[in-house]
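Student: So for the sequence shown, full-length UniProt numbering puts the first residue at 1; every next one is plus one.
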Amino acid sequence: MKPAHWQADLQQVRQLRLFQKVAASSLDQLLREFRACELEAGEVLLSPFNRNQHLYLLIEGQLRVYLGSLDNQAVSTLEVGDCAGEISFIDNEHPSAYVVAERPSTVLRLHRESLVALFQQSPQMMQNLLELLCERVRQGNRLILDSEQNANVDTLTSCFNRRWLEHVFERESTRCAFNDEPMSLLMLDVDHFKAYNDQHGHLAGDYALCLVAHTLRSQLRPKDSLVRFGGEEFVIVLPEISDLEARSIGERLRVSLEQIASFYSPVGVLPGVTISIGLAQMQHQDSLQSLIARADAALYQAKQQGRNCLCG
Numbered sequence: 001m002k003p004a005h006w007q008a009d010l011q012q013v014r015q016l017r018l019f020q021k022v023a024a025s026s027l028d029q030l031l032r033e034f035r036a037c038e039l040e041a042g043e044v045l046l047s048p049f050n051r052n053q054h055l056y057l058l059i060e061g062q063l064r065v066y067l068g069s070l071d072n073q074a075v076s077t078l079e080v081g082d083c084a085g086e087i088s089f090i091d092n093e094h095p096s097a098y099v100v101a102e103r104p105s106t107v108l109r110l111h112r113e114s115l116v117a118l119f120q121q122s123p124q125m126m127q128n129l130l131e132l133l134c135e136r137v138r139q140g141n142r143l144i145l146d147s148e149q150n151a152n153v154d155t156l157t158s159c160f161n162r163r164w165l166e167h168v169f170e171r172e173s174t175r176c177a178f179n180d181e182p183m184s185l186l187m188l189d190v191d192h193f194k195a196y197n198d199q200h201g202h203l204a205g206d207y208a209l210c211l212v213a214h215t216l217r218s219q220l221r222p223k224d225s226l227v228r229f230g231g232e233e234f235v236i237v238l239p240e241i242s243d244l245e246a247r248s249i250g251e252r253l254r255v256s257l258e259q260i261a262s263f264y265s266p267v268g269v270l271p272g273v274t275i276s277i278g279l280a281q282m283q284h285q286d287s288l289q290s291l292i293a294r295a296d297a298a299l300y301q302a303k304q305q306g307r308n309c310l311c312g
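Spelled out as structure tokens, the structure:
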């Protein structure tokens with residue numbers, strides 16, 4: 001980073017978020033505390049390994065924000081008028097992300113020693129900075145939520161994964177037990193899936209799994225959880241559902257797939273698949289492992305009886 005010559009255009013500066021509604025009489029004095037700096041393309045402005053003492057205001061170019069590693073995909077892009085380093089500027093801690101110049105850029109830099117004096121000169125600038133901080137925190141919360149959701153979802157079928165199953169079982173089993181409500185679990189296996197893959201190819205097998213997931217999900221309640229347990233196995237958690245009701249639901253799901261003789265896919269028309277289902281109702285003191293074990297035993301029985309049926 002090197003010093004840059006920058007001639008302030010007060011009319012243009014007042015359009016930047018940090019200086020919006022700041023009195024014109026204060027603006028010229030505020031700008032004297034800022035220093036213009038140039039960044040080359042690819043230059044790292046902020047890093048988690050270096051303590052930050054400055055607030056940066058982008059006035060030309062573009063910055064990218066990376067979490068964890070510069071090898072990861074950028075999580076956000078900063079455009080002209082955006083700030084960088086505002087949180088570490090306030091708390092004097094290490095930045096939580098890398099900020100890198102996407103192309104040659106110019107920033108205005110403010111040292112944290114000037115912070116108190118500037119706030120006294122312009123309460124409006126303090127208000128603007130607080131709004132920027134709140135926006136950044138909300139953005140961070142959205143990133144956390146998105147990453148959590150992605151961590152709980154199977155990328156092929158968009159079903160929940162086993163990580164989510166542990167969470168939802170803990171939540172729903174506790175709730176159902178507290179309300180004296182039943183809870184059931186269905187364990188499903190796509191019949192003869194290895195033979196299907198061998199005959200039609202693994203890509204066709206992937207599309208068949210997506211068909212199963214879509215067909216099942218469309219018939220479940222929002223409170224039910226469809227989980228890809230592994231390979232061609234799925235688990236469905238049915239809160240507030242007794243074994244009799246679960247048997248009816250399982251039969252309906254089984255028949256719905258049985259009736260799909262063929263389906264269209266990006267690799268052409270493919271034959272449909274059937275499923276075998278094992279059913280277990282939660283009992284007092286059941287763990288997830290014990291409930292799954294009973295459903296798995298019922299599933300094994302369904303396979304022994306010729307597949308494409310429900311047992312339990």
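Cβ coordinates follow ideal geometry from the N, Cα and C atoms, glycine included.
(1) What is the DSSP secondary structure of Ala8, reduced to helix, strand or coil?
(2) Within 8 angstroms, do at least three Cβ pairs link the segment 82-98 to the segment 40-60?
(3) Can you give me the C-alpha to C-alpha distance between Ser26 and Gln121, rounded to a whole angstrom?
(4) For the 8 angstroms Cβ check, are there 3 or more pairs between the segment 177-187 and the segment 234-251?
(5) Comparing C-alpha positions only, which one of Ser256, Ala97 and Arg294 sits nearest to Arg217?
(6) Could you check what DSSP says for Ile275 in three-state terms: helix, strand or coil?
(7) Please classify Val267 as buried or exposed, where buried requires at least 16 other C-beta atoms within 10 Å of its C-beta.
(8) Would a C-beta distance cut-off of 7 angstroms place Asp291 and Ala280 closer than the cut-off?
(9) Mind checking Ser287: buried by the 16 CB within 10 Å criterion, or exposed?
(10) DSSP beta-bridge partners for residue 324?
(11) Could you please give the first and the last residue of the uninterrupted beta strand (DSSP E) stretch that includes Glu60?
(12) Could you give the DSSP three-state label for Glu148: helix, strand or coil?
(13) So Ala101 and Ala41 are in contact, right, with Cβ under 8 angstroms, and what is the actual spacing, rounded?
(14) Keeping to the same chain, check which residues put their C-beta closer than 6 angstroms to that of Ser76; ignore five residues upstream and five downstream.
(15) How many Å lie between Arg109 and Leu45 at the Cα?
(16) With respect to the alpha helix (DSSP H) encompassing Ile249, which residues constitute its N-terminal and C-terminal limits?
(17) Cα separation between Ser96 and Phe169?
(18) Check the C-beta distance from Gln62 over to Ser105 and give it rounded, since I have them as a contact under 8 angstroms.
(19) Which residue or residues does DSSP assign as beta-bridge partners of Lys2?
(20) Here's the rule: buried if 16 or more other CB atoms are within 10 angstroms of the residue's CB, otherwise exposed. What is Asp189?
(21) Any heavy atom of the ligand HEM within a distance shorter than 6 angstroms of the CB on Met183?
(22) Can you give me the C-alpha to C-alpha distance between Val153 and Gln219, rounded to a whole angstrom?
Tutor: Result, derived from the coordinates:
(1) coil
(2) yes
(3) 7 angstroms
(4) yes
(5) Nearest of Ser256, Ala97 and Arg294 to Arg217, Cα basis: Ser256.
(6) Looking at Ile275 - three-state DSSP - the assignment turns out to be strand.
(7) Flag for Val267 reads exposed.
(8) The residue you asked about is not Asp; residue 291 is Leu in the sequence shown. It is a contact, given that the beta carbons lie within the stated cut-off.
(9) exposed
(10) The chain is shown only over 1 to 312; residue 324 falls outside these bounds and no answer can be derived.
(11) Per DSSP, the continuous beta strand (DSSP E) segment holding Glu60 begins and ends at His54 to Glu60.
(12) Only weak support is given to the placement of Glu148: the predicted model assigns it a pLDDT of 49, under 50, and the question is left unresolved by the model.
(13) 6 angstroms
(14) So the list reads Val65, once near-sequence residues are dropped.
(15) 11 angstroms
(16) Asp243 to Glu258
(17) 33 angstroms
(18) The C-beta distance from Gln62 to Ser105 rounds to 6 angstroms, short enough to meet the 8 angstroms contact threshold.
(19) DSSP, once it has assigned bridges, lists Glu38 as partnering Lys2.
(20) buried
(21) Among the components of this structure there are no ligands whatsoever, and the ligand HEM is therefore not found.
(22) Taking the straight line from one Cα to the other gives about 19 angstroms.
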